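First the structure, in the form of C-alpha cells, and then the observations on it.
In our numbering, the protein residues as written are 518 to 794.
Now the structure itself:
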C-alpha cells in the first residue's frame, strides 16, 4: 500500500465534524490501522492546560500514535493565528511524509482548515491529495449528548481547571481563555474568590453550566454551517458518515461500540483504503 498517488502527491486524511461527534475516537482507530501520525486542528487544544475543558486527547492515547500541535503553546494569552497554524501544520506534514506515514488532520477549527487548504500561499492542493471524512450527527441528538458531556466534564474536574487558570483581568477574546466554559464561569469564579454565600454560588454555578451547554450547542451549529459551506461553495469532496445511531444508542444507555464499528469505523476504513489505493 502506498501513501502517494501516481502524480507523487502525498496523501492527507482529514477527519472533520462538529464538536463531540467522535473525531478523536475515529482518528485513533484509523491511526492504528495504518502507519500514521495525527495533527491536531483544534485552535484551543494547541495550548497547554485546560485538558478537560478543551476535551484534549489523553496522554495515554497520545502515546498510541504520535501527535502534533497538541499542547505546544505555553503562554495562555498568546494568539495562535491562522498563519501560525498553517506554518506549523505544513512543517509537521513534511516530517510525517518524509517518514512514510499517513498524516491525519483532526479537529473542528474549520476556518483554519480552509485557510490551510485553499490559501494559494500554502500551495497545498499541488502537494497533497486530500481525503475528507465528515462525521455528522443530527443536531437534536448531538445537543442532548453535548449537554450530558458537560455534566461529565464537570464531574471530571472542569470547574477545578478553570479555577486554577482564573485571572481576574483576563482577556477572553484571545488565547486559551477563548475556550467555551472559561468566560461562562467568570462570574462564578469571582464570587467564589470573594467568599460569597453557598446559595448564591450554587445559583451562579447552575447559570454558568447552562450557558456553557448553550454556547457549546451554538458552536456546533456554527461548525456545521462552515462544513456545509466547504462542501457546497468550496467544492470539498466530503465523505459523510452519519454517526447519529451511535449517539442514539448512547442516549438509551445501550452498548454502542458495535454500532460505532459497523456504521462509523468500517465505512471510514473503506474510504481511507480506497483513497490510499
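Idealized CB from N, CA, C, for every residue including glycine. Quantities reported herein were computed from a predicted structural model and do not represent experimental measurements.
Alpha-carbon to alpha-carbon, residue j and residue i
i: residue 694; j: residue 764; result: 29 angstroms
i: residue 697; j: residue 742; result: 18 angstroms
i: residue 767; j: residue 668; result: 15 angstroms
i: residue 595; j: residue 525; result: 37 angstroms
i: residue 783; j: residue 621; result: 17 angstroms
i: residue 736; j: residue 656; result: 11 angstroms
i: residue 685; j: residue 567; result: 17 angstroms
i: residue 615; j: residue 553; result: 12 angstroms
i: residue 663; j: residue 761; result: 13 angstroms
i: residue 602; j: residue 629; result: 7 angstroms
i: residue 528; j: residue 676; result: 40 angstroms
i: residue 738; j: residue 671; result: 23 angstroms
i: residue 716; j: residue 709; result: 11 angstroms
i: residue 679; j: residue 626; result: 22 angstroms
i: residue 637; j: residue 653; result: 29 angstroms
i: residue 756; j: residue 651; result: 6 angstroms
i: residue 759; j: residue 645; result: 26 angstroms
i: residue 749; j: residue 635; result: 14 angstroms
i: residue 600; j: residue 559; result: 14 angstroms
i: residue 587; j: residue 562; result: 6 angstroms
i: residue 683; j: residue 752; result: 42 angstroms
i: residue 775; j: residue 714; result: 48 angstroms
i: residue 769; j: residue 665; result: 13 angstroms
i: residue 548; j: residue 731; result: 32 angstroms
i: residue 574; j: residue 592; result: 20 angstroms
i: residue 687; j: residue 681; result: 13 angstroms
i: residue 712; j: residue 721; result: 13 angstroms
i: residue 754; j: residue 771; result: 33 angstroms
i: residue 604; j: residue 719; result: 44 angstroms
i: residue 658; j: residue 779; result: 19 angstroms
i: residue 633; j: residue 745; result: 17 angstroms
Sequence-distant residues of its chain with Cβ nearer than 6 angstroms to residue i (five each side left out)
i: residue 794; result: none
i: residue 648; result: 530, 792
i: residue 660; result: 734
i: residue 585; result: 556, 609
i: residue 777; result: 763
Contact belief for residue i with residue j at Cβ below 8 angstroms, rounded distance in angstroms
i: residue 545; j: residue 589; result: Wrong, their Cβ atoms sit about 19 angstroms apart, outside the cutoff.
i: residue 692; j: residue 564; result: 7 angstroms
i: residue 534; j: residue 540; result: 5 angstroms
i: residue 631; j: residue 747; result: 6 angstroms
i: residue 532; j: residue 623; result: 5 angstroms
Close-in-space but distant-in-sequence residues of the same chain around residue i (CB under 8 angstroms, 5 per side omitted)
i: residue 700; result: 689, 694
i: residue 550; result: 786, 789
i: residue 799; result: Residue coverage of the chain in this structure runs from 518 to 794, which leaves residue 799 outside it and unanswerable.
i: residue 781; result: 539, 543, 652, 758, 760, 763
i: residue 536; result: 572, 625, 663, 733, 736, 737, 740
i: residue 598; result: none
Identified DSSP bridge partners for residue i
i: residue 530; result: 621, 648
i: residue 600; result: Beta-bridge pairing links residue 600 to no other residue.
i: residue 556; result: 585, 622
i: residue 653; result: 759
i: residue 564; result: 590
Spatial neighbours of residue i in its chain, beta-carbon cut-off 7 angstroms, leaving aside the 5 residues before and after
i: residue 523; result: Reliability fails at residue 523, whose pLDDT of 44 lies under 50, so the model's placement of it is uncertain and no value is given.
i: residue 618; result: 552, 553, 554
i: residue 569; result: 670, 673, 674, 675, 678
i: residue 773; result: 763, 766, 767
Test: residue i CB closer than 7 angstroms to a CB of chain D
i: residue 747; result: The question asks about chain D, but that chain is absent: this structure has only one protein chain.
Exercise for the section: Could you tell me whether the stretch 697–704 touches the stretch 717–726, where touching means 3 or more Cβ pairs closer than 8 angstroms? Expected result: The stretch 697–704 makes contact with the stretch 717–726, as at least three CB pairs between them are under 8 angstroms.
Handout entry: Cβ contact check for the stretch 628–645 and the stretch 595–614: 3 or more pairs under 8 angstroms
Key = The answer is yes - the stretch 595–614 touches the stretch 628–645, with three or more Cβ pairs under 8 angstroms.
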